[in-house]
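Numbering (our numbering), first residue to last: 5 to 400.
Ideal placement from N, C-alpha and C gives every residue a C-beta, glycine not left out.
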Ligand SMILES: Cc1ncc(COP(=O)(O)O)c(C=O)c1O
């Protein structure tokens, strides 16, 4: 991979005609260290957020050894890339063949489920294995999150007791997991979900060995600035400590977004301006799926030496022929943006770069490493600390 300090340097050197992905391994390293050091339990990376092997290796080198995988392709990818990793198959609906291969070929011992049918499937596919960690996924509210995960998965309160009791019989370790929805904007989301967990444990009267609070940990985007992550960790820890579980019970989490969002950004070129609409060379079928389909506002910056001080709200059109390839924004940029300009779009490390297609022949292929800071960071305290210790190192 090529290396530059920032988008500026890269544009001066290359003036890229195609979109270019920028990656910041130092940002992913910082996020991973934050979770490893501060989350009061085990951190698994949710691979779906960004399955780049380079990112997986950065996380591994930073101490993340557990990985939440959702498909047999993700199982194979992580097993191949990080042979020592512990894989947890946390999609509650799996192909029986996938469970069989995961268990017998890749050593996966942890599976989630939300129905009796899925429990029976896992028992069949693992040929009645006695060494399984089985986590029952509860349906919890996504009210405090920007992307709901409340409709598709999760056992209903009235079915949970029976399912927990049956799973206890099949499991070596029994767990309960949930997902509060992605980009949870308040720690209260977790406290509320933990009350569901408490009710389920009381109703089933079973011994629970693992509580997995899932993903949902936020990143920072324009108009979506969450409280510090430590506030989430404190709330989760307090709720966990008050649950009726054994003293040795484990606490797990499965962040995707919070570990990967700051890893990547994208340089795009403006091909045309029509009023306050900019036609850029990446879009809904590229890394900007969420900007198009759920109105996500990513941070943007015009990469030019001098520009107007006046800021204007723009929307973007992507490069394909579809009207759907439209990102409403608003994206605030200097008023004099014009065709030929380059824009950096930040925070695309989670569910951005991972969702690209080659529709209409468009899509970024080239990736460059840069060493500057991401456009926004949730780990600002850590950025400041690193800056200070770099200054101290220089002084001595
Ligand atoms: C089971 C599971 N775990 C973890 C995640 C990661 O969530 P997030 O990126 O919001 O942290 C997801 C996202 O869909 C998920 O489905």
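- The region 232-242 makes no contact with the region 324-335, as fewer than three CB pairs between them are under 8 Å.
- The three-state secondary structure of residue 276, taken from DSSP, is strand.
- Residue 82 holds the alpha-carbon nearest to the alpha-carbon of residue 106 among 118, 124, 82 and 120.
- Judged by DSSP in its simplified three-state form, residue 124 adopts helix.
- No Cβ-Cβ contact shorter than 9 Å links residue 271 with residue 29.
- Secondary structure note for residue 317: its beta strand (DSSP E) is the uninterrupted segment 315-321.
- Cβ-Cβ distances below 7 Å link residue 151 to 185, 186, 187 and 298 in the same chain, with the five nearest sequence neighbours on each side left out; the list follows chain order.
- The DSSP assignment places complete alpha helix (DSSP H) segments of no fewer than 4 residues inside the region 79-126 at 100-110, in order along the chain.
- Membership of residue 330 in the beta strand (DSSP E) is indicated by the continuous run 330-338.
- Not one heavy atom of ligand 1 lies closer than 8 Å to the C-beta of residue 122.
- Around the Cβ of residue 72, a 10 Å sphere holds 16 or more other Cβ atoms; the residue is buried.
- The shortest CA-to-CA distance from residue 355 to any of 296, 45, 61 and 238 is the one to 296.
- In the three-state reduction of the DSSP assignment, residue 168 falls in the helix class, which pools H, G and I.
- By the 16-neighbour rule on beta-carbons within 10 angstroms, residue 321 is buried.
- The shortest CA-to-CA distance from residue 193 to any of 154, 164, 173 and 208 is the one to 154.
- Relative to the Cα of residue 60, the nearest Cα in the group 43, 89, 161 and 40 belongs to 89.
- Taking 8 Å as the cut-off, the C-beta of residue 94 counts as close to a heavy atom of ligand 1.
- Leaving aside the five residues that flank residue 250 on each side, the residues in its chain whose CB is nearer than 8 Å to its CB run, in chain order, 211, 212 and 213.
- Residue 267 and residue 341 have their C-alpha atoms spaced approximately 26 Å apart.
- The three-state reading of DSSP puts residue 367 in coil, since its state is none of H, G, I, E or B.
- For residue 258, the shortest C-beta to heavy atom distance toward ligand 1 is below 8 Å.
- Taking C-beta separations shorter than 8 Å and ignoring five residues to either side along the sequence, the partners of residue 281 in its chain run 318, 319, 320 and 321, following chain order.
- Annotation: residue 348 to residue 131 spans about 51 Å, alpha carbon to alpha carbon.
- Taking every protein chain shown into account, the CB of residue 52 has 16 or more other CB atoms within 10 angstroms, so this residue is buried.
- A residue is called buried when at least 16 other Cβ atoms come within 10 angstroms of its Cβ; residue 343 does not meet this threshold and is exposed.
- Look at residue 69 here: in three-state DSSP terms it is coil, with no helix or strand label.
- Under the Cβ criterion (8 Å, minimum of three pairs), the region 363-375 counts as touching the region 8-22.
- Restricted to the region 214-258, the alpha helix (DSSP H) segments that are unbroken, complete and at least 4 residues in length are 233-245, listed in chain order.
- The three-state secondary structure of residue 264, taken from DSSP, is helix.
- The Cβ-Cβ distance between residue 118 and residue 157 falls below 9 Å.
- With the rule of 3 Cβ pairs closer than 8 Å, the region 133-150 counts as touching the region 175-182.
- In this chain, residue 307 is not harboured by any beta strand (DSSP E), its DSSP state being neither H nor E.
- Between ligand 1 and the CB of residue 186, the shortest heavy atom gap is smaller than 8 Å.
- For residue 383, no alpha helix (DSSP H) segment is defined, and its DSSP state is neither H nor E.
- In terms of Cβ geometry, residue 244 and residue 44 form a close pair [threshold 9 Å].
- In this structure residue 17 is exposed. Its beta-carbon is surrounded by fewer than 16 other beta-carbon atoms within 10 angstroms.
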